[in-house]
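Comments concern the structure below.
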Amino acid sequence: MTHPIIRFDHATFGFPGTIALEDISLSIPESEFVGVIGPNGSGKTTLCRAVLGLMAPLSGTLRVLDCACEELRCHHRALIGYLPQKGMLDRNFPVTVLEAVMMGRYGALGLFRRPSGKDRDIARQALMQVGMDHHRDSALGALSGGQQQRVFIARALAQQPRILLLDEPTTGLDLTAQHSVVELIQQLHRALKLTILMITHDINMIRSRVDRLVLLKTKLFAAGPPHEVLQPDILSQVYGKELVITDKDFVIVEDYHHH
Amino acid sequence: MLELLAYDFMQRSLLAAALVGSVCSVIGVFVVLRGLAFAGAGTAHAAFAGVTLAYLLGLPPLSLAIVFGLATVWITGWVEEKGRMKLDVSIGILYTATMALAILFLGLMKTYNPEVYGYLFGSVLSVTKEELLTIGGLSVGVLGTILLLSKELYFIAFDQEMAAASGVPARQIFYLLLTLVALTVVIALKTVGAILVFAMILIPASTAYQLTHSLSQMTLYSMLIGVFCAVTGVLLSYMFDLPSGPSIVLLATAIFFLAVCCSPKRLHRVHPE
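If you read the sequences in order, they're chains A and B.
The opening residue of the first sequence carries number 1 in this note's numbering; numbering runs sequentially from there.
The opening residue of the second sequence carries number 260 in this note's numbering; numbering runs sequentially from there.
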């Protein structure tokens with residue numbers, strides 16, 4: 001097995017009096033595409049924040065890029081591209097597409113250094129990779145949700161990351177845009193060999209695209225290839241008995257299936 | 260008009276106004292975008308409390324204005340960071356508490372002191388050479404820091420958590436921004452006064468916000484508007500014998516409403532593709 005780039009070892013995260021994730025042990029090797037699923041409040045975003053070094057474990061350890069997560073320094077974080085949940089960003093902020101993507105270079109550049117022509121080229125390259133270079137001078141707020149999401153993926157790519165963390169990248173997008181964004185992420189994984197952690201509620205959208213699924217409900221319920229994790233008995237423990245798997249392997253709510 | 264420039268006091272006033280206009284309008288961009296509008300208003304009143312205490316104790320007024328201003332913004336930042344209560348509530352408490360202190364110190368003075376009220380209402384035409392040097396030194400410090408760290412300041416204004424996740428020391432930059440806001444308030448205190456200083460931070464940046472979708476252009480436009488309003492306001496105040504602070508702020512307000520009416524964002528509203 002390849003050396004893990006992210007390694008949880010009996011790690012527990014939360015706040016005093018509240019446990020958000022408990023006793024997680026999980027190793028993610030370099031270049032793996034991992035989908036993180038689970039119901040609301042299951043600790044998916046906490047997992048994301050922990051990998052970013054924004055939360056230290058209450059017990060156990062988490063090592064990211066061979067460094068304890070609570071000791072991650074700016075140069076480590078610059079190697080982790082992050083796409084936050086859609087609602088967390090001010091989409092009307094007065095910023096052009098290129099200015100937004102250039103922000104991806106700031107962490108790697110360090111304090112006091114001005115972005116150079118090379119940084120601009122890296123940002124343009126990232127925009128090309130997501131098919132948005134022709135929009136580089138447009139206002140970010142003028143783009144559609146799907147286009148904005150591509151721009152934020154480009155911002156993460158401009159960091160030249162080794163790990164890409166995507167927190168519900170398809171939330172709030174129409175079906176076509178959802179497919180387009182997930183396909184783009186899959187293409188980037190293949191082309192750039194990035195380690196990707198993608199948090200999502202859309203099990204059917206990612207089941208055929210990820211190498212492994214991680215199923216959370218405060219604890220790690222299951223981790224493995226999608227066909228092993230998406231078993232009726234496992235899903236019913238996490239989501240309740242109303243979630244069923246159809247004969248075409250789609251995960252749906254039982255009521256809908258009957259009607 | 261040119262003969263006005265022959266007077267020493269007018270040269271000092273115009274220079275002070277230009278410095279205050281530029282510093283307030285540039286820091287204002289980050290205040291507006293980071294959503295710190297109310298924090299700045301609270302800081303202005305805290306700085307005035309510092310001035311009144313300084314007069315009571317016979318100390319240099321700007322030194323205690325800085326201490327009070329910094330203490331207020333840092334407590335505000337700490338409360339926001341710890342999330343123990345909403346930012347507007349904590350600022351509201353500090354704002355009224357420092358204003359109460361200012362009124363208390365004024366009451367303890369026993370005699371009317373017009374110099375203190377100069378800091379409340381602004382008196383740019385009476386700026387002394389020493390005050391101009393202080394304003395100049397602080398302005399160079401604030402603008403220089405913004406220039407050196409503009410990319411980090413833009414990023415935390417856009418999204419502080421994403422900036423931290425990307426390797427920017429976002430927390431430290433946030434506290435630096437609060438410190439710069441406090442220093443800017445102190446710089447502008449004598450010129451436009453504690454009551455109106457925040458308008459000079461807020462209005463040029465909000466006007467520029469109406470005119471562009473680009474961060475760098477917003478900063479440039481805000482600075483041009485800030486300097487224009489400050490200098491023109493001083494000239495209008497002298498020519499028509501009006502108080503300087505209100506002249507500057509009302510001119511800036513008029514330009515703001517003009518920008519809202521003519522905003523390219525409003526007139527050519529771009530719909531998502």
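The beta carbon of each residue, even a glycine, is placed where N, CA and C say it ideally should be.
Uninterrupted alpha helix (DSSP H) stretches at least 4 residues long and entirely within the segment 36-123 of chain A occur at 44-51, 74-77 and 97-109, given in chain order.
When 7 Å is used as the limit between beta carbons, residue 292/B is near these residues of chain A: 93, in chain order. For the segment 104-116 of chain A, the residues whose beta carbon sits under 8 Å from a beta carbon of chain B are, in order, 104, 106, 107, 108, 109, 111, 112, 114 and 115.
At the C-beta level, residue 156/A and residue 81/A come within 8 Å of one another. Here residue 512/B has 458 and 462 as same chain residues with Cβ atoms under 8 Å from its own Cβ, once five neighbours each way along the sequence are excluded.
Counting other Cβ atoms within 10 Å of its Cβ, residue 10/A stays below 16 and is therefore classed as exposed. Below 8 Å, too few C-beta pairs join the segment 466-474 of chain B and the segment 418-427 of chain B to call them touching: fewer than three.
Along the segment 397-454 of chain B, the alpha helix (DSSP H) occurs as fully enclosed runs of 4 or more residues at 409-417 and 419-424, listed in sequence order. In the DSSP annotation of this structure, the continuous segment of the beta strand (DSSP E) that includes residue 167/A starts and ends at 163-167. By the rule that beta-carbons nearer than 8 Å mark a contact, residue 421/B touches chain A. The Cβ of residue 16/A sits no closer than 8 Å to any Cβ of chain B.
Where residue 324/B is concerned, the enclosing alpha helix (DSSP H) starts and stops at 320-341.
DSSP places residue 26/A in the strand class (E or B) of the three-state scheme. With 16 or more other Cβ atoms inside 10 Å of its own Cβ, residue 417/B counts as buried. Of the residues assessed, residue 190/A falls on the exposed side of the cut-off, its CB having fewer than 16 other CB atoms within 10 angstroms. Within the same chain, 145, 146, 149 and 181 come within 7 Å of residue 173/A by CB-CB distance, once the 5 residues on both sides are set aside. Within the segment 477-504 of chain B, the residues whose Cβ lies closer than 8 Å to any Cβ of chain A are, in chain order, 477. In this structure, the CA atom of residue 166/A is about 30 Å from the CA atom of residue 477/B. By a beta-carbon distance limit of 8 Å, residue 289/B does not contact residue 442/B. Their separation comes to about 13 Å.
Taking 8 Å as the threshold, the shortest C-beta distance from residue 84/A to chain B falls below it. Using a CB distance cut-off of 8 Å, residue 424/B counts as an interface residue toward chain A.
Chain B has no Cβ within less than 8 Å of the Cβ of residue 201/A. Within chain B, the residues whose beta carbon sits less than 7 Å from that of residue 78/A are 425 and 426, listed in sequence order. Between residue 306/B and residue 359/B, the alpha-carbon positions lie close to 12 Å from each other. Between residue 276/B and residue 489/B the beta-carbon gap is near 4 Å, inside 8 Å, which marks them as a contact. For residue 159/A, the nearest CB of chain B lies under 8 Å from its own CB, placing it at the interface with that chain. In this structure residue 402/B touches residue 281/B by the C-beta definition: roughly 7 Å separates them, less than 8 Å.
If you compare the alpha carbons of 14/A, 23/A and 40/A with that of residue 199/A, the shortest gap goes to 40/A. With a threshold of 16 other beta carbon atoms within 10 Å, residue 294/B falls short and is exposed.
With 16 or more other CB atoms across the displayed protein chains lying within 10 angstroms of its CB, residue 32/A is buried. Under the DSSP assignment, residue 305/B falls in the alpha helix (DSSP H) whose first and last residues are 296-316. The criterion of a C-beta distance shorter than 8 Å is not satisfied by residue 26/A and residue 13/A. At a cut-off of 8 Å, the C-beta of residue 304/B has no neighbouring C-beta in chain A. Distances from the CA of residue 387/B to each of 264/B, 450/B, 509/B and 519/B were compared; the closest alpha carbon is that of 450/B. DSSP places residue 357/B in no beta strand (DSSP E) but in the uninterrupted alpha helix (DSSP H) bounded by 346-367. Relative to the Cα of residue 523/B, the nearest Cα in the group 503/B, 504/B, 467/B and 501/B belongs to 467/B.
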